[in-house]
Structures are given as C-alpha cells and as structure tokens.
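2 protein chains.
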Amino acid sequence: MSDISTTDSLIRVWIVEDHATYRRTIERLCTPDRGLAPPCAFSNGEGMLTALKHVGTDEHPDVMLLDVGLPGRSGLDLIKDIHQHAPHCRIVILTVFEDETKICEAIRSGASGYLLKTAGAEAVAKAILEANDGGSPMSPSIVNRVVSLLAKLMKPMPQKVALSPREKELLTLMVEGLTAKEIAVRMSLSIHTAGTHTKNLFVKLEVHSRAAAVARALRDGLV
Amino acid sequence: MSDISTTDSLIRVWIVEDHATYRRTIERLCTPDRGLAPPCAFSNGEGMLTALKHVGTDEHPDVMLLDVGLPGRSGLDLIKDIHQHAPHCRIVILTVFEDETKICEAIRSGASGYLLKTAGAEAVAKAILEANDGGSPMSPSIVNRVVSLLAKLMKPMPQKVALSPREKELLTLMVEGLTAKEIAVRMSLSIHTAGTHTKNLFVKLEVHSRAAAVARALRDGLV
DNA sequence: CGTCACCTCCCCAAAATTGGGGAGGACAAA
DNA sequence: TTTGTCCTCCCCAATTTTGGGGAGGTGACG
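As you go down the protein sequences, you meet chains L and D in turn. When we follow this note's numbering, the leftmost residue of the first sequence carries the number 1154, and every step to the right adds one. When we follow this note's numbering, the leftmost residue of the second sequence carries the number 1154, and every step to the right adds one.
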C-alpha cells in the first residue's frame, strides 16, 4: 500500500468547463494514484449547481475546478452559490484570464486557488491536492498580481491623493504629453516652479518619472 | 422700440429638463427683452415629443434646450426624433456631463450646441440666440474637447497603430512606470536596444516623450 | 503669533531621455 | 534575389529630467 492510501477516501473533484477536450484532459488526470477519485464533469454552471443541490452532503465535492468565461452566468457568480450549498468545498478557478479584476473578484468571492490554463496537467493535479489540504494554489504570474494587489491595498492609499490645485493642473498637462517647459508656459510659471511642483507631485504620487506619474493619474482617475 | 423688436417674432424656446428648480431658472430667463418668447417647459422627453407631434409646424420651437441624463430615454436619443418632426429646430444640449462620449454622440446626433449647467443664466440666453442664428454655442471646456476630438479624427489615425510585438511589450512596461534601464533588464535587452525600440515607438505614436507615450497608450487602449 | 500648507523662484549636479547616425542578421513577401 | 520589416547592438551630443538644497511670500488655523 502506498502512503496515499492511508487516507480513507480519495478526493472528490468536480469540474465545470465548457471546452470539451480540455475538460477531458482534466478528467483524465484525476487518477487514484494521485489520490483523486473519478471526477464529475459539467459543461456549465447550471448543471453543476442542480447536481450539487440534489446529491447528499456526503457526496459533495472536496475540490471544485471552475472555469470562468462560461456561457450563461459568469463562473465567478457561481462561487457564492457553491459556498452556500457546499461550504466545505474548495474552489479553484481555472481560466485564461489574467486580469486583476477577475482575480480580485474571484478571491473576494471566496475562491481558494486561481490557475491559468497554461498550467500543465501535473500542476493542476498538485493544485487539487494543495487546495484540498487547505492551501491556495496559484499560477506564478497570478501570485505576482495578488501580491502587488495586496501591497497596493495595504499601503495607506488615502483613497484620493491630496493634490494641491496647482499640482493637479500640472498633472493634467503632463498627461496631455507636455514637457516641463511647455507646462511652465501654459501655467505661466518659471521652469523652476514647474520643476518644484513636479518634485512635490512625484512624492505624493510615489513615482520617480513623468511616465509613471501619467500612468498613475490615468489609471487611478486622478485627472 | 429697441433694435430687438425689429424681428417679427420672438424666439420660441422649448425646454426639456427634469430638475424643477433649474427648469424654472431657465424659463425665467426667457424674456421678451432678450428676444425670447415665453418658453414651453417639459420635465421629460416623452411629453415634449407628443407636444411636438401635435402642434402645427408654425408652432414648432426655434431652439430646444435638452437635458441629458433624463429619466426614461436618454436625451441624446431624443435628438433624432426632434429633427424628424421639427427639422428647423436648433438643439442645444444642457448638461453636467463633460465626457467625450456624450459630446461625441450629441454632435453626431445633430445637436447644435452643448452647454454645461455651470453656465450662468446670461450665457444660456446668449447661447439660445446664437443657436437661433445658426451658431453652435458651447461651453469653453466643451470647445476644447471638441477641437481635440476633431484633430484626433482628422489625422489619418490608422485605426490601430501597428506596433511590433517588442514595441508593444516595451510600451506596456513603460506604462508600468519603468525606466529605460529597468525595461531593458525586464526584456533582456541592452539599454541601446531598448532605446532604439523607444525611438521607433515614439515615431509610430507621434509623441516625443515617455509621458506622452504612456498617455496615448492608456487613452487609446494600446495596452 | 507661530505653524503649516501652498505657491513662487532659484542653484546645482548626476542621471536619464531624446534624437540623430550606422550596422548586422533573421525572415517573409514580392 | 531583392525588398522590406523587425530585432539587436552601438556611438554621439543636446536637452531634459530628477532630486537635493535654499528662500521669500501668502493665507488659514489654532
């Protein structure tokens, strides 16, 4: 007997994935030698949800692999429902989307993991085990984003950076693509004053270049 | 007799505005001494539209002040209908919205003017006269946007600037706020190559600074 | 009245950017 | 094959940016 079999039962995995071939790939990697029971696979969230409502609690999945970008309701919406019906089920998002918004929503909704579909079969299998053990499996690039996201939220981002009128004006012109000299002219300032404002602005925005300042301004709606 | 009375009749003004007090303000400024007839005021587009359909052509308004952000259909949708029933009616948008999208739609729909509600009573009165004379009254800030918008459309904007893969990559990192040196490291390039890419990028984007490049990228969704 | 934030102006020097130039190789289309 | 685009690397010099410093003035707030 291998050490895996020391657990009473294999991990119950459910899969929600509309892409048939990819779904098959995932199904195939759920093997007893990995500690995984033959999975239940669904092509959409509705089917999975009705199944979840009708099976007994002892039949509930341990880990749910969830695709987002499904037809019908977004996979992200499903998370809450899953948690409602199967509170102990660990949810792992499996998707091609890498954007912060989706990741953020998923995490907020209560997903345990977030895998990119570029991940190999072994990575997925490992992720299932990790999730089942209470971990939070994530693709490397996702981890990066989560960390930076967290860092962003951690720092006392005072909602809106308190820019003085003149600084806001300067920032606006900077976003227009004007150089320091042009800005000085437009604002009827000496180059030096424009420079001073720029320095102060950089400190407030926590950046070290015009490009970064513009990026921050545009992205955080400071203009 | 004042020179205003040399015209046979006063300007017929219609107003569509849901905010009662503001509507009253506008109504009050339509005085004979300004060359304006007592106006018809409506709190919504539907009412105005039915009225427009039922009155004779000789009763049609000369100038229509239109609020957008009305309950029910958007004021912008109304423009087409108004033109259909009263082709000679000059339409002036009166709103708090300053965004390019709204302005663009309004102009495209056939609005003659676009006023911000921050405009004073006298400005509104002047705008009505200007519109009636075939002009296009606009708040200063609106004019700015329209001009820049026009300029943007004029230049042979080749839809999407054809950036090479490497250039797009560089641009992305530039938007992240990285310096040339950092970008070179991230892209595994020599500073010189990063510089070369930057130069080519600037030519394609028609800019002369990183800040402007970032602004262009972010605003035109190049990343 | 002192303090603090803001605006204005200036000096300075290290570092980065900007904008020319050239040059070789890969690779695909004409 | 020739042409063209793209990627890579380099040199150069003028200009700009960055980030310190100081300094005087205003006006608000306690």
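The C-beta atom is built at its ideal place from N, Cα and C for all residues, glycine as well. All figures in this text were calculated on a predicted structure; none of them were measured in a lab.
Checklist entry - Are the C-beta atoms of S1158/D and some chain L residue less than 9 Å apart? => result Sequence index remark: in the second sequence, residue 1158/D carries index 5 (1-based). A caution first: S1158/D carries a pLDDT of 39, below 50, which makes its placement in the model unreliable, though a value can still be read off. Chain L, which has no Cβ nearer than 9 Å to the Cβ of S1158/D, makes this no.
Item to check | Where T1174/L sits in the DSSP three-state scheme | outcome: Your numbering for residue 1174/L matches position 21 in the first sequence. Reduced to three states, the DSSP call for T1174/L is helix.
Item to check | CB-CB length for L1153/D against V1249/D, believed under 8 Å | outcome: Since the first residue shown for chain D is 1154 and the last is 1376, residue 1153/D is missing from the structure and cannot be characterised.
Item to check | Alpha-carbon to alpha-carbon, L1247/D and V1356/D | outcome: Counting from 1 along the second sequence, the entry for residue 1356/D is found at position 203. Counting from 1 along the second sequence, the entry for residue 1247/D is found at position 94. One C-alpha to the other measures close to 40 Å.
Next on the checklist: On a Cα-Cα basis, can you pick out the residue from I1260/D, L1331/D and S1162/D that is closest to D1186/D?
Outcome noted: Translated into positions along the second sequence, residue 1186/D becomes position 33. When each option's Cα is compared against that of D1186/D, the closest is S1162/D.
Item to check | Amino acids of chain L, ordered along the chain, whose beta-carbon sits closer than 8 Å to that of L1371/D | outcome: In the second sequence, counting from the first residue as 1, residue 1371/D sits at position 218. For L1371/D, the chain L residues whose C-beta falls within less than 8 Å of its own C-beta are V1367, A1368, L1371 and R1372, listed in chain order.
Checklist entry - What are the start and end residues of the beta strand (DSSP E) that includes R1372/L? => result Reading the first sequence from its first residue, position 219 is the one you call residue 1372/L. Per DSSP, R1372/L belongs to no beta strand (DSSP E); it is in the alpha helix (DSSP H), R1363 to R1372.
Next on the checklist: Can you pull the chain D neighbours of V1360/L, defined as C-beta to C-beta under 9 Å?
Outcome noted: Your numbering for residue 1360/L matches position 207 in the first sequence. For V1360/L, the C-beta contacts it makes with chain D under 9 Å involve G1330, in order along the chain.
Item to check | Minimum C-alpha distance to S1265/L - residue among R1339/L, D1252/L, G1273/L and P1240/L | outcome: The residue given as residue 1265/L occupies position 112 in the first sequence. Of the candidates R1339/L, D1252/L, G1273/L and P1240/L, the residue whose Cα lies closest to the Cα of S1265/L is P1240/L.
Next on the checklist: Using 8 Å for Cβ pairs, my map puts A1368/D next to L1371/L. What's the rounded Cβ distance?
Outcome noted: Locating residue 1368/D in the second sequence gives position 215, counting from the first residue. Locating residue 1371/L in the first sequence gives position 218, counting from the first residue. In this structure A1368/D touches L1371/L by the C-beta definition: roughly 7 Å separates them, less than 8 Å.
Checklist entry - How about I1281/L and V1245/L: do their beta carbons lie closer than 9 Å? => result The sequence position of residue 1281/L within the first sequence is 128, counting from 1. The sequence position of residue 1245/L within the first sequence is 92, counting from 1. Between I1281/L and V1245/L, the CB-CB gap stays under 9 Å.
Next on the checklist: Against chain L, with Cβ distances strictly below 9 Å, would M1327/D count as a contact?
Outcome noted: One-based indexing of the second sequence puts residue 1327/D at position 174. At a cut-off of 9 Å between beta-carbon atoms, M1327/D makes contact with chain L.
Item to check | Cβ shell of A1274/D (< 7 Å), same chain only, five flanking positions each side left out | outcome: Position 121 of the second sequence, counted from the first residue, corresponds to residue 1274/D. Counting only residues of its own chain and dropping the five nearest sequence neighbours on each side, A1274/D has a CB closer than 7 Å to the CB of T1178 and L1182.
Checklist entry - If you run the structure through DSSP and keep just helix, strand and coil, what is C1257/L? => result Residue mapping note: residue 1257/L aligns to position 104 of the first sequence, counting from 1. Helix, per DSSP.
Next on the checklist: Looking at E1173/L: is its Cβ nearer than 9 Å to the Cβ of A1364/D?
Outcome noted: Here the question's residue 1173/L lines up with position 20 in the first sequence. Here the question's residue 1364/D lines up with position 211 in the second sequence. The sequence shown places Ala at residue 1173/L, not Glu. Going by C-beta atoms, A1173/L is not nearer than 9 Å to A1364/D.
Checklist entry - Can the beta-carbon of G1379/L be found closer than 9 Å to that of I1164/L? => result For residue 1379/L there is no data in the structure shown, the boundaries of chain L being 1154 and 1376.
Item to check | Sequence-distant residues of its chain with Cβ nearer than 8 Å to D1215/L (five each side left out) | outcome: Position 62 of the first sequence, counting from 1, holds the residue named residue 1215/L. Excluding sequence neighbours, D1215/L sits near I1164, R1165, V1166, H1241, C1242, R1243 and N1285.
Checklist entry - Taking Cβ positions only, does A1337/L come closer than 9 Å to chain D? => result What you label residue 1337/L is simply residue 184 of the first sequence in a count that begins at 1. A1337/L does not count as touching chain D.
Item to check | Chain-ordered chain D contacts of A1347/L [CB-CB under 8 Å] | outcome: As a working mapping, residue 1347/L is identified with position 194 in the first sequence. Residues of chain D whose Cβ lies closer than 8 Å to the Cβ of A1347/L do not exist, since the nearest Cβ in that chain is about 13 Å away.
Item to check | CA-to-CA distance, A1337/D to P1323/L, given in whole angstroms | outcome: One-based indexing of the first sequence puts residue 1323/L at position 170. One-based indexing of the second sequence puts residue 1337/D at position 184. According to the sequence shown, residue 1323/L is Leu rather than Pro. Approximately 29 Å, taken between the alpha carbons.
Item to check | Rounded Cβ spacing between H1361/L and E1320/L (contact assumed at less than 8 Å) | outcome: Looking up residue 1361/L in the first sequence gives position 208. Looking up residue 1320/L in the first sequence gives position 167. Contact flag wrong, Cβ pair sits at about 16 Å.
Checklist entry - chain L beta carbons: is any one of them nearer than 9 Å to that of A1364/D? => result Position 211 of the second sequence, counted from the first residue, corresponds to residue 1364/D. So yes, A1364/D belongs to the interface.
Checklist entry - Is it the case that the Cβ atoms of L1268/D and S1292/D are separated by a distance below 9 Å? => result One-based indexing of the second sequence puts residue 1268/D at position 115. One-based indexing of the second sequence puts residue 1292/D at position 139. Cβ distance < 9 Å, so L1268/D and S1292/D count as in contact.
Next on the checklist: Can you tell me whether G1374/D is buried or exposed? The criterion is at least 16 other CB atoms within 10 Å of its CB, across all chains shown.
Outcome noted: Within the second sequence, residue 1374/D is the residue found at index 221, counting from 1. G1374/D comes out exposed.
Next on the checklist: Looking at P1238/L: is its Cβ nearer than 9 Å to the Cβ of G1263/L?
Outcome noted: Your numbering for residue 1238/L matches position 85 in the first sequence. Your numbering for residue 1263/L matches position 110 in the first sequence. Looking at the sequence itself, residue 1238/L is His, so the reference to Pro does not match. Annotated as distal: H1238/L and G1263/L, with beta-carbon spacing of 9 Å or more.
Checklist entry - Between which two residues does the beta strand (DSSP E) harbouring F1195/L extend? => result Counting from 1 along the first sequence, the entry for residue 1195/L is found at position 42. From DSSP, the beta strand (DSSP E) with F1195/L extends over C1193 to F1195.
Checklist entry - Just the Cα atoms here: how many angstroms apart are E1180/D and L1342/L? => result Counting from 1 along the second sequence, the entry for residue 1180/D is found at position 27. Counting from 1 along the first sequence, the entry for residue 1342/L is found at position 189. If you take the alpha carbons of E1180/D and L1342/L, they lie about 43 Å apart.
Checklist entry - Ends of the alpha helix (DSSP H) at L1282/L? => result Position 129 of the first sequence, counted from the start, is the residue given in the question as residue 1282/L. Per DSSP, L1282/L belongs to the alpha helix (DSSP H) from A1274 to N1285.
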